[in-house]
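At position 49 of the sequence shown (counting the first as 1) the number is 34 in the working numbering, and the numbers step up by one without a gap. Every residue gets a Cβ at the ideal spot worked out from N, C-alpha and C, and that includes glycine. Okay, so here's the structure we're looking at.
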Amino acid sequence: MSLRSLALLSLCVFLTACNKINQENYSHLKAGMAKVDVEKLLGKPTDCSGALGISSCTWGDKDTFISIQFAGDNVLMYSGQGLK
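Structure follows, in C-alpha cells:
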C-alpha cells in the first residue's frame, strides 16, 4: 500500500471517529437539558429555526441526523435517524 493511500485511509477513519452525530451521543440527550450542554455534546447545529421561544435545530444531514426541539434554551423533545 502506498504512503498516499495509507494517509487517505487514516484520514477517513479519523473523520468517521470524530463524527458527533452518533447513537452514543444521542443516548446522552435528556429532556430539560440546556442548549449550551447539547452544543458541547454535538457541536454547533447544521440548521435552526423557530419563533416565540420555541426552536428546532438539526445536526447532521438528510440521512443521519439528530433533531431537537427547544422551549427557551432547554430540550423539549428530540429524535434521530440513521445513527450508528
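Assigned exposure category for V105 - 16 Cβ within 10 Å defines buried: A question about residue 105 goes unanswered here, because the residues of the chain that appear run from -14 up to 69.
Buried versus exposed call for G65 [16 or more other C-beta atoms within 10 Å across all chains shown]: Residue 65 sits at position 80 when you count from the first residue of the sequence shown. Result: buried.
Same chain only: Cβ atoms within 8 Å of D58, ignoring 5 sequence neighbours per side: By one-based count along the sequence shown, residue 58 stands at place 73. Only A19, K20 and V21 meet the Cβ criterion.
Strand pairing of M62, partner residues [DSSP]: Here the question's residue 62 lines up with position 77 in the sequence shown. Answer is Q54.
D71: first and last residue of the uninterrupted beta strand (DSSP E) it sits in: Any answer about residue 71 is impossible in this case: the structure gives the chain only from -14 up to 69.
Selection from L(-12), Q54, A16 and N7 that minimises the alpha carbon distance to G38: Residue 38 sits at position 53 when you count from the first residue of the sequence shown. Nearest C-alpha to G38: Q54.
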